[in-house]
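Comments concern the structure below.
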DNA sequence: GATGAATGAGAATTCATTCAT
DNA sequence: TATGAATGAATTCTCATTCAT
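Protein chains in written order, with our numbering: chain A, 292 to 488; chain B, 292 to 488; chain C, 292 to 488; chain D, 292 to 488.
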């Protein structure tokens, strides 16, 4: 009997090795060889777990977006504005280690711009989050937690976009932890002030 | 020195041809050959105007950011909140044609993530805009246009990040003109409401 | 020694599976994996029965040529031209199923052109057949069945070559059963007419 | 102005270099690298003249078959059996140099067995030659040069097949010049005797 | 004996860059 | 200055073979 391997686990190992290799060498300059070395396996083994480099990259991006979705969509709707924004705020707190990967994820993501299929998936994911937030805003209106003059649909997308924008700036440009915390704080305050009845 | 004018013109022509080629073939798949074809010049001629592909790409990105900077930094400080936000709002209105280029610029930009030098330049540019907004916020506080409890420095960066986030979402995902207008409107309103004394 | 019988049987099973795989995927594109799948055994098991892919292929070719030799060399010399040519004619009648394998055998055979060792084996086999025919021609001359002006040595090789040519044309190009029968008939007639005293 | 090259001539140079490389290293083991070396050009240059290895090989095979067709189909129909068969006989005389390439051509040809498109082309070519011979046989019957009992259509294909078979045996197995001449002689005699009225 | 995961040498192909004309 | 043919380093991916289980 040959070695029994946990395929899922090996795939995770390779994906995480790939990310480390991307960190070391830069996303586009990283070769399958370097990824294999980082994972301590042979080049050919890579191809036993991922059909091609493109598949590996899109799997990494998908995984990232899946996690993002889980992080940004709470289990159930919040009944108060405070709770809702506290949840968002918490989701925005990324540790230093993770924030190193932001540019990498964006580069990987960018490399898929020309694929209609993938972009549709990501588009759908953002619509899903937007939709959840919109419904939560409607609940908060009903609860007379927030003004009933706002447009829940539009504002929810503005919220997501702002979150993305802030995370992106943290990841791309050297915004330190301290400053970032203040930005998150102020962004949340912005919404609190503007929405509160 | 008419030759110098020609050189500049040719460089602009090549950069714009490159962008069109990127649109056609996707940023990373576009070859120097295709750029030359798009520009109706020979491959070798490209190298008379740009030392390398990397230089061409970074020149394109730089140009884009220079324009962005010009668009986002007004000639002088605004004295009222209304004027300030009206300016931002106007800057956010991108025509349909231009928004096609957003993913491309982003991809080109992403390809430079691993270059410390380039990232520093872009970082500095955002700091410059942030700094201008911060000072304008301070003027508006002095003018008792806005609350004096806000943190001008932090909020200015939040503003830039939000602008970036909204524009990127428009460029990446299929957000139509109508929806985008509403988003810009609401984002500006958010700031108006939150900042107004 | 029942194990020995099993081994032979397994080798035959693998060889025939390989041929089917070649039919399915084309000779050169067929991998050891596909052969193993076709034989319903593991890749590693293949190597217990054949030292290498080259050995497997050459064994297949050898087997084919051994069968060809058996088919083309009768048990004993014929005493009349009619019997001799009737035997050849019968040997030429290949069923539809078998003729599908002709291009495959040829391709497998062709892959050994650069091996002096193998080519020598096949060369020797054709010499052996030629030699048998030559001797039979000499017997027929003695029996005054055929003209004594012919060159038995040369003509026997011409006969083999012609047989080969006809069979290959049937295998390579879409010559239907009917036409092929007529060709065999006429080829035999050619010899009958030309040789008969 | 860059170097002006005769594209056709360069292609011929590459094809002939490829053949020499095939002779040296064996058809299937020859790499594009070796072909480039043999042609004294860089690997990349190869791809300026042939889109892929497959195209190069199929171009070589096509060229060979075009030449074969030209060699086997005379300018006009022959009016006597002697002339007809003398022409065939002459076509069969291949010099020693050329005969080295026979196995290579066959291996290249064999590598295309799985391509329906190419096989159709070669099939058509043989039908064309067969058709010409058939018509010439019919003329010879009219001229009372040969028996009117033969089947021109079938016999013409037998003739081609026999030619192919003999050439093949010369190319594959070490049949020396002398013996080969005798074989050609006897094969032609066979037809003369059998067909003559 | 049997298995199939792991290996890594090796091949085709691409493309930024150079340079002779 | 302009050209585009030539270059060859670099990259992805394949697959025969090995070997631990």
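Where a beta carbon is used, it is the ideal one built from N, C-alpha and C, also for glycine.
Rounded separation between residue i and residue j - CA only
i: residue 478 of chain B; j: residue 313 of chain B; result: 31 Å
i: residue 538 of chain C; j: residue 370 of chain D; result: This structure leaves residue 538 of chain C out entirely; chain C is present only between 292 and 488.
i: residue 324 of chain D; j: residue 330 of chain D; result: 10 Å
i: residue 468 of chain B; j: residue 383 of chain A; result: 28 Å
i: residue 486 of chain B; j: residue 437 of chain B; result: 5 Å
i: residue 357 of chain D; j: residue 480 of chain C; result: 32 Å
i: residue 379 of chain B; j: residue 475 of chain B; result: 9 Å
i: residue 351 of chain B; j: residue 421 of chain B; result: 23 Å
i: residue 455 of chain C; j: residue 317 of chain B; result: 55 Å
i: residue 321 of chain D; j: residue 310 of chain D; result: 10 Å
i: residue 496 of chain D; j: residue 385 of chain D; result: Given a span of 292 to 488 for chain D in the structure shown, any question on residue 496 of chain D remains unanswerable.
i: residue 482 of chain D; j: residue 381 of chain C; result: 22 Å
i: residue 471 of chain C; j: residue 442 of chain D; result: 13 Å
i: residue 299 of chain C; j: residue 396 of chain C; result: 21 Å
i: residue 404 of chain D; j: residue 414 of chain D; result: 11 Å
i: residue 343 of chain D; j: residue 332 of chain D; result: 16 Å
i: residue 372 of chain D; j: residue 453 of chain D; result: 17 Å
i: residue 484 of chain C; j: residue 375 of chain C; result: 14 Å
i: residue 335 of chain C; j: residue 377 of chain C; result: 47 Å
i: residue 294 of chain D; j: residue 362 of chain D; result: 36 Å
Neighbourhood of residue i by C-beta, 7 Å cutoff - its chain only, sequence neighbours within 5 removed
i: residue 301 of chain C; result: 340
i: residue 308 of chain C; result: 326, 329 and 330
i: residue 417 of chain A; result: 451
i: residue 348 of chain D; result: 399 and 402
i: residue 337 of chain B; result: 305, 323, 326 and 327
i: residue 447 of chain C; result: 421, 424, 425 and 428
i: residue 365 of chain C; result: 378
i: residue 464 of chain B; result: none
Whether residue i touches residue j by CB criterion (8 Å)
i: residue 355 of chain B; j: residue 402 of chain A; result: no
i: residue 390 of chain D; j: residue 461 of chain D; result: yes
i: residue 445 of chain D; j: residue 488 of chain D; result: no
i: residue 419 of chain A; j: residue 360 of chain A; result: yes
Own chain, CB closer than 8 Å to residue i, minus 5 neighbours either side, in chain order
i: residue 353 of chain C; result: 412
i: residue 466 of chain D; result: 460 and 474
i: residue 345 of chain A; result: none
i: residue 296 of chain D; result: none
i: residue 387 of chain A; result: 468
i: residue 292 of chain C; result: With a pLDDT of only 37 at residue 292 of chain C, under 50, the local geometry of the prediction cannot be trusted, and the value read off the model is given with reservation. Once the five neighbours on either side are set aside, residue 292 of chain C has no close Cβ partner at all.
Distance cut-off 7 Å: residue i Cβ against heavy atoms of the ligand GTP
i: residue 408 of chain B; result: Absent from the structure shown: the ligand GTP. Ligands present: none.
Residues near residue i by beta carbon distance below 6 Å, same chain, minus five either side
i: residue 440 of chain D; result: none
i: residue 393 of chain D; result: 462
i: residue 303 of chain B; result: none
*What are the complete alpha helix (DSSP H) segments, minimum 4 residues, inside the stretch 315-360 of chain B?*
Within the stretch 315-360 of chain B, the complete alpha helix (DSSP H) segments of 4 residues or longer fall at 323-329 and 334-340, listed in chain order.
- [ ] For the stretch 405-412 of chain B and the stretch 423-433 of chain B, state whether three or more C-beta atom pairs, one from each stretch, are separated by less than 8 Å.
- [x] At 8 Å Cβ cutoff, the stretches do not touch.
Please give me, in chain order, every unbroken run of the alpha helix (DSSP H) with length at least 4 that falls completely inside the stretch 354-435 of chain D.
Unbroken alpha helix (DSSP H) stretches of 4 residues or longer found wholly inside the stretch 354-435 of chain D: 372-383, 387-390, 393-401 and 407-433, given in chain order.
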